[in-house]
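Colleague:
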Amino acid sequence: MNRRAFLKAIGSAALLPILPRSLSASTNFRRHRPSDARWPSRSGWKQLDNAVGGNLIPVNFPLSVLKTDPGGAAAKRLSEDLKNPYYIGDQPGLTQTLGWVDAWATKPSVYAVAARNAQDIAQAVNFARENDLRLVVKGGGHSYQGTSNAPDSLLIWTRHMNDIAMHAAFVPQGCEHTLQPQPAVTLGAGTIGMQAYDAVTTKGGKYVQGGGCLTVGLAGLVQSGGFGSFSKHYGLAAGSLLEAEVVTADGNVRIANACTNPDLFWALKGGGGGSFGVMSKLTLRLHDLPEYFGVANFTIKAASDDAYRRLIREFVSFYRERLFNDNWGEQVHVNPDNKLVIKMNSQGLDPGQAKKVWQPFLNWVARSPHEYSLEGRVTIGSIPAQRWWDVQWWKEHWPEIAFPRNGNPLHALLDDGLLHLMRQPVFDFDQRPGVGANNAWWKGNTNEVATFWWGYESLWLPASLLENDAQQRLASALFASSRYSGVGLHFNKGLAGAPPKAIAGAKDAAMNPAVLTAFALAIAAAGQGPAYPEIPGHEPSVATGRKAAERVDLCMNQLRTVAGETGAYVSESNYFEKRWQQSYWGSNYSRLAEIKRKYDPDGLFFVHNGVGSEQWSADGFTRL
Ligand SMILES: Cc1cc2nc3c(=O)[nH]c(=O)nc-3n(C[C@H](O)[C@H](O)[C@H](O)COP(=O)(O)OP(=O)(O)OC[C@H]3O[C@@H](n4cnc5c(N)ncnc54)[C@H](O)[C@@H]3O)c2cc1C
Numbered sequence: 035m036n037r038r039a040f041l042k043a044i045g046s047a048a049l050l051p052i053l054p055r056s057l058s059a060s061t062n063f064r065r066h067r068p069s070d071a072r073w074p075s076r077s078g079w080k081q082l083d084n085a086v087g088g089n090l091i092p093v094n095f096p097l098s099v100l101k102t103d104p105g106g107a108a109a110k111r112l113s114e115d116l117k118n119p120y121y122i123g124d125q126p127g128l129t130q131t132l133g134w135v136d137a138w139a140t141k142p143s144v145y146a147v148a149a150r151n152a153q154d155i156a157q158a159v160n161f162a163r164e165n166d167l168r169l170v171v172k173g174g175g176h177s178y179q180g181t182s183n184a185p186d187s188l189l190i191w192t193r194h195m196n197d198i199a200m201h202a203a204f205v206p207q208g209c210e211h212t213l214q215p216q217p218a219v220t221l222g223a224g225t226i227g228m229q230a231y232d233a234v235t236t237k238g239g240k241y242v243q244g245g246g247c248l249t250v251g252l253a254g255l256v257q258s259g260g261f262g263s264f265s266k267h268y269g270l271a272a273g274s275l276l277e278a279e280v281v282t283a284d285g286n287v288r289i290a291n292a293c294t295n296p297d298l299f300w301a302l303k304g305g306g307g308g309s310f311g312v313m314s315k316l317t318l319r320l321h322d323l324p325e326y327f328g329v330a331n332f333t334i335k336a337a338s339d340d341a342y343r344r345l346i347r348e349f350v351s352f353y354r355e356r357l358f359n360d361n362w363g364e365q366v367h368v369n370p371d372n373k374l375v376i377k378m379n380s381q382g383l384d385p386g387q388a389k390k391v392w393q394p395f396l397n398w399v400a401r402s403p404h405e406y407s408l409e410g411r412v413t414i415g416s417i418p419a420q421r422w423w424d425v426q427w428w429k430e431h432w433p434e435i436a437f438p439r440n441g442n443p444l445h446a447l448l449d450d451g452l453l454h455l456m457r458q459p460v461f462d463f464d465q466r467p468g469v470g471a472n473n474a475w476w477k478g479n480t481n482e483v484a485t486f487w488w489g490y491e492s493l494w495l496p497a498s499l500l501e502n503d504a505q506q507r508l509a510s511a512l513f514a515s516s517r518y519s520g521v522g523l524h525f526n527k528g529l530a531g532a533p534p535k536a537i538a539g540a541k542d543a544a545m546n547p548a549v550l551t552a553f554a555l556a557i558a559a560a561g562q563g564p565a566y567p568e569i570p571g572h573e574p575s576v577a578t579g580r581k582a583a584e585r586v587d588l589c590m591n592q593l594r595t596v597a598g599e600t601g602a603y604v605s606e607s608n609y610f611e612k613r614w615q616q617s618y619w620g621s622n623y624s625r626l627a628e629i630k631r632k633y634d635p636d637g638l639f640f641v642h643n644g645v646g647s648e649q650w651s652a653d654g655f656t657r658l
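Going by my numbering, the sequence shown opens with residue 35, and the numbers climb by one from there.
#1: Which of the three DSSP states is assigned to Phe327 in this structure?
#2: Please classify Lys535 as buried or exposed, where buried requires at least 16 neighbouring CB atoms within 10 angstroms.
#3: For Gly531, is the classification buried or exposed, using 16 other Cβ atoms within 10 angstroms of its Cβ as the cut-off for buried?
#4: Output yes or no for whether 8 Å exceeds the beta carbon distance between Tyr618 and Gly363.
#5: If I follow the unbroken beta strand (DSSP E) through Ala202, where does it start and stop?
#6: Could you tell me whether the stretch 552-563 touches the stretch 399-413, using the rule of 3 or more Cβ pairs below 8 Å?
#7: Please list the segments of the alpha helix (DSSP H) lying wholly inside the stretch 286-339, counting only runs of 4 or more residues, in order along the chain.
#8: Kindly indicate which three-state DSSP category Leu100 falls into: helix, strand or coil?
#9: Distance check for Trp427 and Asp450, CA to CA, integer angstroms please.
#10: Under 8 Å, Cβ to Cβ, is there at least one residue of chain B near Tyr353?
#11: Quick check on the burial criterion: 16 or more other C-beta atoms within 10 angstroms. Buried or exposed for Asp70?
#12: Which stretch, first to last residue, makes up the alpha helix (DSSP H) that contains Glu114?
#13: Given a threshold of 16 other Cβ atoms within 10 Å of its Cβ, counted over all protein chains shown, does Arg193 qualify as buried or as exposed?
#14: Does ligand 1 have a heavy atom nearer than 7 Å to the CB of Leu176?
#15: For the alpha helix (DSSP H) that contains His431, what are its first and last residues?
#16: Flag this pair as yes or no: are the beta carbons of Ala292 and Ala278 separated by less than 8 Å?
#17: For Leu658, does the count of other Cβ atoms within 10 angstroms reach 16, so buried, or fall short, so exposed?
#18: Which class does Leu255 belong to by DSSP, given the choice of helix, strand or coil?
#19: Can you list, in chain order, the residues of its chain whose CB lies under 6 Å from that of Cys176, leaving out five sequence neighbours each side?
#20: Is Ser651 helix, strand or coil by DSSP?
#21: Just to check, is the beta-carbon of Met313 closer than 7 Å to a non-hydrogen atom of ligand 1?
#22: Does ligand 1 have even one heavy atom less than 7 Å from the beta-carbon of Leu255?
#23: Could you give the DSSP three-state label for Lys141: helix, strand or coil?
#24: Run through DSSP, which three-state label would Met228 get?
#25: Residues bridged to Trp398 by DSSP?
#26: Taking Phe461 as part of the beta strand (DSSP E), name the residues at either end of that continuous run.
#27: As a quick exercise: from Gln229, Leu276, Gly528 and Ile155, pick the residue whose alpha carbon is nearest that of Thr212.
#28: Leaving out five residues before and five after Pro68 in sequence, what residues of the same chain have Cβ atoms less than 8 Å from its Cβ?
#29: What residues match up with Glu606 in a beta bridge as DSSP calls it?
#30: Have a look at Asp653 and Ala184 and give me their C-alpha separation to the nearest angstrom.
#31: Quick one: give me the first and last residue of the alpha helix (DSSP H) that Gly470 is part of.
#32: Just the C-alpha distance for His642 and Arg111, rounded to the nearest angstrom, thanks.
#33: Check whether the Cβ atoms of Val234 and Leu320 lie closer than 8 Å to each other.
#34: Looking at Ala283: is its Cβ nearer than 8 Å to the Cβ of Tyr633?
#35: Under 8 Å Cβ to Cβ from Thr333, same chain only, skipping five residues before and after it: list those, please.
#36: Find out if the Cβ-Cβ distance for the pair Val280, Leu255 is shorter than 8 Å.
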């Protein structure tokens, strides 16, 4: 008997109200926009506002001023503010990425609930579900794919939910008989990396796995799996998740951990943000700090293509021998101008040990002065790990860069490696009046603020490519890829070489298992500074952008020829990712889809290329 006949036979009219919409709705179910008659009335919105303690806010679009009064003072100020990730994060109507050619451009929601707690979130979820509204969730606003904004939607904005509580001995609810108490931190859903690092490391002397970028939201990061600079040692951010408080599509506030709703818990560990519910709090395991965190920064220019080929080949072998371990993470860039740019981070090595590691490679370079030159300074050094995110410490030890004081000499006690590190300006600061002293971000992330992307792709590189008989193939592919675009090898985003504990945490997460056997995630990307459609003088360069996207694709194709279609990191990947289900989640996808059906049968939570999004139009308004 088919479904229609079945419903008729048992009296469908009586049954319909209790069926989930996925069964009851016609296939062309559409969510309402402000222009629709069924958009909630003023009094409906007023009720929601009352229910969330007056925290329903109409959402402005800050970029409008660039159109309406481009020469005015407000537009000038905005141009400055668009360089500041904290300013952008403070705007419910903006996102850190402004858009992507032929894909999306950021748009404000109609209203936002500036949530304070799980109850506010539940009110917003219920209101959106009952009124058939498009719902969107935003924390740190760092989605490259535009998954935290949607026009004509209701936004749940967690920015101000940033309470942080440290626990000496945390046991997830319901796990009292199965798990040992352990040090942990509970973070409100709006907490960003810098806030977590300040509380946990600077003040607390412990380590929590957040992102490398200091303004990324922890809730979004954990749901994508999430990597920080030292993930080769500590593992995925999701691997440290002990418990989450989550509002599901039915408006219930649930606990998810290894013992309570364990299926939801697993899906939240890398199944993608904005798909399974709204996290209101998350509790992450704390780890011990090593004595030192450090950097190795330098650039080698090769004099010819042949010399560059040899340099890449040498680096691959050097990486395999000396750096393929949990001491070293972050990036090496293989650039089209025959420059190899080293931007690595270390953990657990003092300045002398770190220099010793690199010496053989630097010696190799020095032996061929006609073929290779070092551009700028070689910086290899370490600082006390507890000071890594301590802005005040940096200010004190870094006087002539951060706060010029008439050429004061550097701290005489610093050793040579440290001295070099100090000479690099490492932070940019939020200069708005009255903001917190910790509103700082790594300089290296500055050029990603307010970007309009042209192309962006990632690919996990399996550790088998580091075997002796594969190294030449890898080196040749890297050289070939660099003829099209610069490519970055992010060693902390592949967990081959990580300790067993980090691997175990990642195995128990929903991310594509390819991450376990990859030594690095390769990323190629191109974009332009603040740009937005229809703003004179700031329009995205569409033709240039399309060409750049082609080159990014050709670049990554060279790597695919040796790596295969291993997969991509959901949060740092192509908007137009082919076979995205397989690419982001591999063999985990069918289990994720099942969990999605269980907790969100009507698809209230929709994001581009998220679990279950196949059933919706690209804008998330129409069921297909
Ligand atoms: C400049 C930049 C640097 C980055 N650096 C890193 C890095 O070092 N390491 C790394 O692994 N990744 C990095 N990323 C990717 C980033 O981690 C992911 O995009 C992450 O999802 C961002 O989370 P967010 O809260 O900041 O962003 P948002 O855009 O607010 O959220 C991302 C997604 O998660 C959802 N979401 C957010 N909060 C919640 C919640 N409380 N409950 C349910 N869903 C929620 C949103 O709906 C959206 O779909 C970077 C991105 C940018 C733009």
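Yeah, the Cβ is synthetic: ideal placement off N, Cα and C, and Gly gets one too.
Modeller: In short:
#1: strand
#2: exposed
#3: buried
#4: no
#5: Ile198 to Phe204
#6: no
#7: 296-302
#8: helix
#9: With a pLDDT of 49 at Asp450, under the threshold of 50, the predicted position of this residue should be treated as unreliable, and no value is reported.
#10: Absence of chain B from the displayed structure is noted, only one protein chain being present.
#11: exposed
#12: Ala107 to Asp115
#13: buried
#14: What sits at residue 176 in the sequence shown is His, not Leu. Yes.
#15: Val425 to His431
#16: no
#17: exposed
#18: helix
#19: The residue you asked about is not Cys; residue 176 is His in the sequence shown. So the qualifying residues of the chain are Gln130 and Val250.
#20: coil
#21: yes
#22: yes
#23: coil
#24: helix
#25: BP columns for Trp398 are empty, so no partner.
#26: Phe461 to Phe463
#27: Leu276
#28: Val144 and Asp186
#29: Tyr603
#30: 8 Å
#31: Run containing Gly470: none; DSSP gives neither H nor E here.
#32: 32 Å
#33: yes
#34: yes
#35: Lys373, Leu374, Val375, Ile376, Leu408, Glu409 and Gly410
#36: no
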